[in-house]
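Numbering (this note's numbering), first residue to last: 789 to 936. Input: a single structure, listed below in structure tokens.
So, in structure tokens, the structure goes:
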């Protein structure tokens with residue numbers, strides 16, 4: 789199962805969280821391959837047209853994925869992540885949304901457009917990455933395409 793990992797990827801903390809969560813989920817799901825744009829970006833950064841190439845690569849990776857895992861933390865979801873969710877939804881790629889942020893508000897801090905794009909929402913203000921992975925794993929299994 790190939791899973792596109794959509795989420796903020798600009799700070800060291802964000803990149804570390806993304807990688808560690810993908811690794812923890814990989815241990816639980818066995819054959820899952822996570823596509824993290826943060827790890828693909830370096831191949832484009834020395835090009836003059838890097839932003840266009842990165843944009844096209846992200847969309848191509850969503851098209852080539854079985855599911856999208858979207859991290860929706862923060863006062864408002866990352867704008868790039870929001871676009872990736874809309875694109876995945878339009879292309880019929882199932883989205884599992886995750887929010888660990890304890891801030892409340894509309895739909896526990898999620899805009900109704902984002903929450904309705906997600907096939908499943910994991911809304912867990914947990915303290916341990918392993919607990920979070922335990923909660924996300926079944927949601928990803930539920931959108932796994934039939935094996936065969």
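Ideal Cβ positions, reconstructed from N, Cα and C, are used throughout, including at glycine. Values in this document were obtained by computation on a predicted structure and should not be read as measured data.
{"Item": "Assuming residue 793 and residue 824 form a contact by the criterion Cβ under 8 Å, report the distance between their Cβ atoms to the nearest whole angstrom.", "Value": "5 Å"}
{"Item": "Which term fits residue 806, buried or exposed, when burial requires 16 or more other beta carbons within 10 angstroms of its beta carbon?", "Value": "buried"}
{"Item": "Closest by CA to residue 909, which one among 790, 819, 841 and 861?", "Value": "861"}
{"Item": "Select from 855, 804 and 914 the residue whose C-alpha is nearest the C-alpha of residue 934.", "Value": "855"}
{"Item": "If you count every other CB in all the chains shown that lies within 10 Å of the CB of residue 828, and 16 or more means buried, which is it?", "Value": "exposed"}
{"Item": "Note down, in chain order, each residue of its chain lying with its Cβ closer than 8 Å to the Cβ of residue 803, except the 5 sequence neighbours on either side.", "Value": "797 and 826"}
{"Item": "Measure the Cβ-Cβ separation of residue 858 and residue 865 and say whether it is below 9 Å.", "Value": "yes"}
{"Item": "How far does the alpha helix (DSSP H) with residue 876 in it extend, from its first residue to its last?", "Value": "867-879"}
{"Item": "Express the C-alpha separation of residue 846 and residue 871 in angstroms, rounding to a whole number.", "Value": "11 Å"}
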